[in-house]
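Student: Going by this note's numbering, the first residue of the sequence shown is number 216, and it counts up by one from there.
Just so you know, even glycine gets a beta-carbon here, dropped at the ideal spot from N, CA and C.
Take a look at the following structure, please.
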Amino acid sequence: MSGTVRDAVLSKAGRTAQWLSKAREPVLPPCRRPPARCAPLASTRATRAPDIARDHVNLGVRLRILWELYHPVRLLLAGYVAAVVLGVAVEGMALAAIVPLIEGGDGGIGGLYGRIIDLVGLDSTSDGSLVIVVGGLFVLRALTQYGSKVLASTMVRRQTLRLQVGLFRAYLALRWETALHISQGEANLLLTTQTQQTAQFLRKCVSLLEGALYSVGLTIVAVLVSPENTLIAVGLIGVSALAVTIIATRINQYAELVLSASKSQAGALLQYARGLQMLRAFDVSEHAVRHVEELADEREKQMYRSERVKSLAAVLPDLVFVLALLAVVALAFRSGDGVAEVGAIVALLFRVSQYLKRFSDLAALSELVPAVKDVHRHQRLFAENVSRPLSATTADDLSPGEIVLEAVRFRYEGADSVAVNGITNCVRPGEFIGVVGPSGSGKSTLISLIVGLLEPQHGRASVGLSTSPTRRLAYVAQSPFVLKGSIAFNVRWFRDISDERVTKACESAGLGELLRRLPQGVHTEVEQEGLTLSGGERQRLAMARALAGDPEILVLDEATSALDSESESAIQSALDQMHGSVTVIAVAHRLSTVLSADRIWVLENGQIIEDAPAGELLRTAGSRFAALGSLQGLHSEG
Ligand SMILES: Nc1ncnc2c1ncn2[C@@H]1O[C@H](COP(=O)(O)OP(=O)(O)O)[C@@H](O)[C@H]1O
Ligand SMILES: [Mg+2]
C-alpha cells in the first residue's frame, strides 16, 4: 500500500530532478564556500530573566535610580523647585511683615518689610500700605503656587508618556530570548499601571518637597516669634516624621508583595483570556475563575494589610500636631506670655500642620516604591539586552538571496541540550531548500537564526539582501499572527506596498476565493488575533504578507500545515513560480510540500544529517528522509 505512495513520491521527485537538471542548474550561481571568518563570536551576553528579587538599596542608589528615571523631566523639575522656593520666600516675607505687628515691635525680618514698603514708595508707618504690600505678596505667592502646580502636572504627564513610549520601544527591541522570559501579562502591567505609578511617585515626591520647603520657611518665622515653643513643636514633628518613616518601611514591604501578586494575577488573566477557546471546550473555565480568585484574594490580603498601616500613618501627624499645640499653649500660659503670642504661635503651627499633612504622603510614596524600582530594573534589563539590529545579519559580501551558515550553534537559556548544534551550510540565491525532521530537532530554531530573531552563541548566520527601504526577507512563522485591522492592513504590515500588490499577494497565497466572497474584500476587518478567521485562512494571510513584500529570501516554518490540499497547491504554484528567483527555506511537515525543493535538509538533534535532493535521498537505502516518506505514506494510507 505504501508502495504506491512511495512510487508517486519517487516519480514526482524524479520529475523534479529532471526539471532541475534541465532548467535551473545553469541559472543558479555557484555556492560560495563558507568564508574562513568562522571564529566563534564573543561569548553571549547574560540573558537572565528579570530578577525582581528585593535588593537592599541605599540612599545613593535610590537617588541614582530617580535621576535616571526622571531624566526626561529634570528641567521641569528644576523650574518647579524654583517656583516653590520663590513661593516660600514670598510667604515668609508676608508673614514677617505681620509678625512685628503681633509683637508690637520691629522684628528681625521686619526690617525687610520696611525696605519693601520703601521700595514701592509707600509710607512705612501707614496700615494701608501694609495691607497693600502683604496682600500683594500673597497674590504673588498664589501665582507661584499656580505656576508650580502647572509645572508639576506637565511634568507628570510628560514623564508618563516618555516612560511608556520609551519602555515600549525598548521592549520591542529586546532580544528575543529575553523577551521569551517576560510574560505578556507582566509586560502589560509594566507598560500601563507601573509606568503611571512611577509618574505618580514623582507627583507625590514634589508635593512632599513642597510641604518640606514651606514647613522650613514657616518654622523660621515661628522661631522669630518664640524660639523655645517652636523647638518643642519641631521636636514633636520630628518624632511624628520618624514614626511615619518606620511605618513607610512596612508599607514598602507590603507593596512589594502586592506588586508580585498583581503580576501573577495579570499574567494569569491574560493567559486565560487567550486560552478562552480551550477553557470552554474542555469545560474547565471554573478552574480558571478559581485560580484568578485565589490570586486576587492574595493580592487583596496584602493590600488590606498595607491599607491598615497607611491609615495609621495618615492619623499620626494630626495626633502629634494636637499634642504639640497643647504643649505650646500650656507652656506659654505657665511662663506668663501673652495671649497674642500664643495666638500667633497657634496660627503658625496650624499653617505648618497643613504642610505636615503631606508627611502621610510619605506612606503613599512607599507604596509606589516597588513599582518604581521594578520599572527601573526593567529599563536596565531592556537596555542591557537590546537585540542586534536585523541588518547586522545582512552580509555585504553575499549576493542578494544568498545564505551562509558558519558553525552555527544555539542553546536556549536553561536548556540542557543544544537546539542547533554547529550547522555549516550555504544556500545559493534562488535555491529552494526543504527542511524536515522530527519535532524538536531544531527546525524552528534554525529558521529563527536565519531570520535574525535569535543570535547564535557560536558561529554566524548571514543573509545577503539588497539595500532597500523594506527588508526583503519574508518570514511565515509556525503560528501565524494577525492584528486587529483590515486584511489589507495585515498583508501590508506597515510597509509601503501598493493595493495592487496586496491583492496580487492575496491571490498567490490562495486567499482570492475568500476575498471574492467577502463584500468588503481586502478591506474586511479582522477581529483581534484573527480569531474570526480559520486556521488555514490565517496561514494564507501570513503567506500573503510574506509574498507582498517582493522578497529575495522567503522563510517558511510549517507555513502550510493547516491548509487543505487545494490551498496548499495554490501556494505550491506560487513557490514554483518564484523558483530560481527567490531563495526559499521551507520547513515542511508534509513531505509533498518540499518534493520540488532543490535540496532537502534533514535535521536531527540540531544537526543537518542529510543534505541532498529529494529524489536522491529517496533512492538512498536507509536514508532518514526515505524513512520519513514511508512513514507519511503509511499515515496517509491508514
Ligand atoms: N524558548 C525556548 N526555550 C527553551 N527551549 C526551547 C525553546 N524553544 C524551543 N526549545 C527547545 O529547543 C529544541 C528545538 O526546538 P524547535 O527548534 O522548536 O524544534 P522543531 O521546530 O524542529 O520542532 C526543542 O528541544 C525545544 O524543546
Ligand atoms: Mg518548529
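Any beta-carbon of chain D closer than 8 Å to the one on residue 385?
Tutor: Of the protein chains in the structure, only one exists, and it is not chain D.
Student: Leaving out five residues on either side along the sequence, give the residues of the same chain with a beta carbon under 7 Å from the beta carbon of residue 359.
Tutor: 298, 301, 302, 305.
Student: Within the structure, which residues are defined as neighbours of ligand 1 by a Cβ-heavy atom distance below 6 Å, reported in chain order?
Tutor: The filter returns 395, 627, 630, 634, 652, 654, 655, 656, 657, 658, 659, 660, in chain order.
Student: Short of 7 Å in beta carbon distance, which residues of its chain neighbour residue 506, apart from the five on each side in sequence? Order them along the chain.
Tutor: Only 483 meet the Cβ criterion.
Student: Quick check: residue 578 and residue 452, are their CB atoms within less than 8 Å of each other?
Tutor: Contact: no.
Student: Which class does residue 669 belong to by DSSP, given the choice of helix, strand or coil?
Tutor: Coil, per DSSP.
Student: By how many angstroms is the C-alpha of residue 311 removed from the C-alpha of residue 348?
Tutor: Distance between the alpha carbons of residue 348 and residue 311 is about 12 Å.
Student: Applying the criterion that 16 or more other CB atoms from any shown protein chain within 10 Å of the CB defines a buried residue, is residue 282 buried or exposed?
Tutor: With fewer than 16 Cβ atoms within 10 Å of its Cβ, residue 282 is classed as exposed.
Student: What are the residues that DSSP puts in a beta bridge with residue 816?
Tutor: According to DSSP, residue 816 bridges with 650, 826.
Student: Quick one: is residue 646 buried, meaning 16 or more other Cβ sit within 10 Å of its Cβ, or exposed?
Tutor: That one is buried.
Student: Assess contact between the stretch 468 to 481 and the stretch 531 to 549, defined as three or more Cβ pairs (one per stretch) separated by less than 8 Å. Is contact present?
Tutor: These segments do not touch.
Student: Ligand 3 and residue 754: does any heavy atom of the ligand fall closer than 7 Å to the residue's C-beta?
Tutor: Because ligand 3 does not appear in the structure shown, any question about it cannot be addressed here, the ligands present being ligand 1 and ligand 2.
Student: What is the residue span of the beta strand (DSSP E) that residue 690 lies within?
Tutor: Here the beta strand (DSSP E) through residue 690 covers 688 to 691.
Student: Less than 8 Å between the beta carbons of residue 706 and residue 717, yes or no?
Tutor: Their beta carbons are under 8 Å apart, which means residue 706 touches residue 717 by this criterion.
Student: Counting only the same chain and skipping the five closest in sequence on each side, list residues whose C-beta sits under 8 Å from that of residue 738.
Tutor: Cβ within range, chain order: 701, 702, 703.
Student: Could you name each continuous alpha helix (DSSP H) segment of 4 residues or more that falls completely within the stretch 694 to 756, going from the start of the chain to the end?
Tutor: Within the stretch 694 to 756, the complete alpha helix (DSSP H) runs of at least 4 residues are 702 to 707, 714 to 723, 727 to 732.
Student: If we count Cβ pairs, one from each stretch, closer than 8 Å, do we get three or more for the stretch 663 to 677 versus the stretch 601 to 621?
Tutor: Verdict: yes, contact present.
Student: Give me, in chain order, the residues of the same chain whose beta-carbon lies closer than 7 Å to that of residue 369; leave out the 5 immediate sequence neighbours on both sides.
Tutor: Here the set comprises 291.
Student: Cβ of residue 693 within 7 Å of any heavy atom in ligand 2?
Tutor: Yes, since a heavy atom of ligand 2 falls inside the 7 Å radius drawn around the Cβ of residue 693.
Student: So, residue 798 versus residue 768, is the Cβ gap smaller than 8 Å?
Tutor: Yes.
Student: Is there at least one non-hydrogen atom of ligand 2 closer than 7 Å to the beta-carbon of residue 208?
Tutor: There is simply no residue 208 to check, as the chain begins at 216 and stops at 853 in what is shown.
Student: Apart from the five residues just before and just after residue 821, which ones in its own chain have a Cβ nearer than 6 Å to its Cβ?
Tutor: Contacts found: 633, 634, 635, 636, 657.
Student: Provide the residue span of the alpha helix (DSSP H) that contains residue 278, from first to last.
Tutor: Taken as a continuous stretch (DSSP letters only), the alpha helix (DSSP H) holding residue 278 covers 274 to 284.
Student: So, using beta-carbon positions, are residue 521 and residue 582 closer together than 8 Å?
Tutor: The answer is yes: Cβ separation under 8 Å.
Student: Specify the secondary structure class of residue 312 as computed by DSSP and reduced to three states.
Tutor: If DSSP states are grouped into helix, strand and coil, residue 312 belongs with the helices.
Student: Measuring straight from C-alpha to C-alpha, what distance separates residue 639 and residue 712?
Tutor: Between residue 639 and residue 712, the C-alpha separation is close to 35 Å.
Student: Are the beta-carbon atoms of residue 659 and residue 772 separated by less than 8 Å?
Tutor: Closer than 8 Å, so yes.
Student: Assign residue 588 to one of two classes, buried (16 or more other C-beta atoms within 10 Å of its C-beta) or exposed (fewer than that).
Tutor: Under this definition residue 588 is a buried residue.
Student: Less than 8 Å separating the beta-carbons of residue 373 and residue 287?
Tutor: In this structure, residue 287 lies closer than 8 Å to residue 373 by Cβ.
Student: For the stretch 773 to 786 against the stretch 798 to 812, are there 3 or more C-beta pairs whose distance is under 8 Å?
Tutor: Cβ pair count under 8 Å is three or more, so yes.
Student: Could you pull the DSSP bridge partners for residue 396 from this structure?
Tutor: For residue 396, which the question treats as bridged, DSSP gives no partner whatsoever.
Student: DSSP state of residue 621, grouped into three classes?
Tutor: Note: residue 621 maps to strand in three-state DSSP.
Student: Does the stretch 716 to 732 come within contact of the stretch 753 to 770, defined as at least 3 CB pairs closer than 8 Å?
Tutor: Yes, since at least three Cβ pairs between the stretch 716 to 732 and the stretch 753 to 770 fall closer than 8 Å, the two stretches touch.
Student: For a quick check, are the C-beta atoms of residue 679 and residue 615 less than 8 Å apart?
Tutor: Yes. Within cutoff.
Student: How is residue 675 classed by DSSP in three states: helix, strand or coil?
Tutor: Of the three classes helix, strand and coil, the one that applies to residue 675 here is strand, per DSSP.
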